[in-house]
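> Line order of the protein sequences matches chains A and B. Just so you know, my numbering puts 92 at position 92 of the first sequence, and the rest follows in order with no gaps. Just so you know, my numbering puts 67 at position 67 of the second sequence, and the rest follows in order with no gaps. Note that CB positions come from ideal geometry on N, CA and C, so glycine has one too.
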Amino acid sequence: MLLLAVIRDGATHGYAIIEQLRERSGGTFDLPEGTIYPALHRLERFGAVKSRWADAGGRRRRVYALTLSGRRLLTTEERGWDLFTKAIGSVLRSSS
Amino acid sequence: MSDSMRSFLEAIRTTLSVGPRRAGRIARELEDHLESSAAMLRASGRTPEEAEREAITRLGSPESLAHALNAVHKGDTPRIKTWRIFLAILTSLSALAIILYALSAPEASDPVALKIGAPLAILVYGVFTVLWPNSLLNHAGGVGVVLIGLVIIICRELYAHWIGPSYEAPIIVIGLLLMLQGGLSAVNLFNHAAFDSGVV
Numbered sequence: 001m002l003l004l005a006v007i008r009d010g011a012t013h014g015y016a017i018i019e020q021l022r023e024r025s026g027g028t029f030d031l032p033e034g035t036i037y038p039a040l041h042r043l044e045r046f047g048a049v050k051s052r053w054a055d056a057g058g059r060r061r062r063v064y065a066l067t068l069s070g071r072r073l074l075t076t077e078e079r080g081w082d083l084f085t086k087a088i089g090s091v092l093r094s095s096s
Numbered sequence: 001m002s003d004s005m006r007s008f009l010e011a012i013r014t015t016l017s018v019g020p021r022r023a024g025r026i027a028r029e030l031e032d033h034l035e036s037s038a039a040m041l042r043a044s045g046r047t048p049e050e051a052e053r054e055a056i057t058r059l060g061s062p063e064s065l066a067h068a069l070n071a072v073h074k075g076d077t078p079r080i081k082t083w084r085i086f087l088a089i090l091t092s093l094s095a096l097a098i099i100l101y102a103l104s105a106p107e108a109s110d111p112v113a114l115k116i117g118a119p120l121a122i123l124v125y126g127v128f129t130v131l132w133p134n135s136l137l138n139h140a141g142g143v144g145v146v147l148i149g150l151v152i153i154i155c156r157e158l159y160a161h162w163i164g165p166s167y168e169a170p171i172i173v174i175g176l177l178l179m180l181q182g183g184l185s186a187v188n189l190f191n192h193a194a195f196d197s198g199v200v
């Protein structure tokens, strides 16, 4: 879900995704960098993202973008996550 | 590219069990990652040697990374894909022959699902396999094709009645080939099922 959320903002490459995750989470999600590629390839096989080679700064990079089904998956996951956090919040508030 | 980066990428290539094209893509992607990471580390004050060493360390063990990528692309080796497409063409042609023979058999009381439906489904699936061999729909359809293969073997006498009594053995072979073709596709479903759509 987090990877899809980062990719939603535009086609980007693996290293930039890791940097974005680290930055947006204030350093909380400092993933082992090697884990990103199996995850991205799995998402691609699943049809949630698509990839292509792109030239950026004189360098050819593999960039990933969300597919339509990836967008749908992200929306579903976000809804589920909202429900989950609201439910946890309700339980915590009612117990205090 | 430094020697340490080159040997890291070589270790990845050696451990990968994917086709040469995909291995090349993975190596180029990781090379770009290492160079980006090293550039950022140099910009933050590391020496070039320190930056390269740390970039490699951050990416982790090449063997673990290659094994993780192998697990993702399991069942998608070029050899298996070629076999699936070959079987799809073979079974599609057989299905077409069955349809033509069955149509020439005039009995109106024959079960249409077996006479035309099953071979037509095989034909459609065969064309679909040739065009989109890696789609999720194709992999899911593999389960159906295994069942159709089984049905054809069970109903071989009926098919032999339409095609000709001496064709009972080839019909069994077609049924077995269908089960193999569908099975090879359906195996990929496990890969999709392993996909965890939660927080990656």
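With a threshold of 8 angstroms on Cβ separation, who are the neighbours of I7(A) within its own chain once the five nearest residues in sequence on each side are excluded?
Once the five neighbours on either side are set aside, the close Cβ partners of I7(A) are I17, V49, Y64, A65, L66 and G70.
> Listing by chain order, which chain E residues have their CB less than 8 angstroms from the CB of L65(B)?
Going by chain labels, chain E is absent from the structure shown, which instead holds the protein chains A and B.
> My understanding is that A55(B) touches S44(B), with C-beta atoms under 8 angstroms, so please give their C-beta distance in whole angstroms.
The Cβ separation is near 12 angstroms, so there is no contact.
> Relative to the C-alpha of P32(A), which candidate in G149(B), T91(B), P62(B) and V130(B) has its C-alpha closest?
Comparing Cα-Cα distances from P32(A) to each of G149(B), T91(B), P62(B) and V130(B), the minimum goes to P62(B).
> For K50(A), write down the residues that DSSP places opposite it in a beta bridge.
BP columns for K50(A) point to A65(A).
> Buried or exposed: which applies to W204(B), given that a residue is buried once 16 or more other Cβ atoms fall within 10 Å of its Cβ?
In this structure chain B extends from 1 to 200, so residue 204(B) is not present and cannot be described.
> From the DSSP output, which residues share a beta bridge with A56(A)?
Note: A56(A) sits in a beta bridge opposite R59(A).
> Go through its chain and collect everything with a Cβ distance to Y167(B)'s Cβ below 6 angstroms, but skip five positions before and after it.
So the qualifying residues of the chain are A160.
> Checking 8 angstroms against the spacing of the C-beta atoms, do G144(B) and F128(B) come in under that value?
Not in contact: G144(B) and F128(B) (Cβ atoms no closer than 8 angstroms).
> In chain order, what residues of the same chain have a beta carbon less than 6 angstroms from the beta carbon of S17(B), not counting five sequence neighbours either side?
The answer, listed in chain order, is N70.
> Please classify T76(A) as buried or exposed, where buried requires at least 16 other C-beta atoms within 10 Å of its C-beta.
So T76(A) ends up on the exposed side.
> When you compare only the Cα positions, how much space is there between F86(B) and R79(B)?
Each residue's Cα considered, the two are about 11 angstroms apart.
> Counting only Cβ pairs nearer than 9 angstroms, list the residues of chain B close to Y64(A).
Near Y64(A) there are no residues of chain B at all, since even the closest Cβ is about 10 angstroms away, more than 9 angstroms.
> So if DSSP puts T14(B) in a beta bridge, which residue, or which two residues, is it bridged to?
According to DSSP, which records beta bridges pairwise, T14(B) is partnered with nothing at all.
> Would you say G24(B) lies against chain A (beta-carbon separation less than 8 angstroms)?
No, G24(B) does not count as interfacial toward chain A.
> Would you please state the rounded distance, in angstroms, between the beta carbons of R22(A) and D30(A)? I believe it to be under 8 angstroms.
Right, their Cβ atoms sit about 5 angstroms apart.
> Looking at the C-beta of R53(B), does it have a partner C-beta in chain A at a distance below 8 angstroms?
No, its Cβ sits nowhere closer than 8 angstroms to a Cβ of chain A.
> Please list the segments of the alpha helix (DSSP H) lying wholly inside the region 10-84 of chain B, counting only runs of 4 or more residues, in order along the chain.
Complete alpha helix (DSSP H) runs here, min 4: 20-43, 48-59 and 62-72.
> Just checking: is the beta-carbon of D110(B) within a distance shorter than 8 angstroms of some beta-carbon in chain A?
D110(B) does not count as touching chain A.
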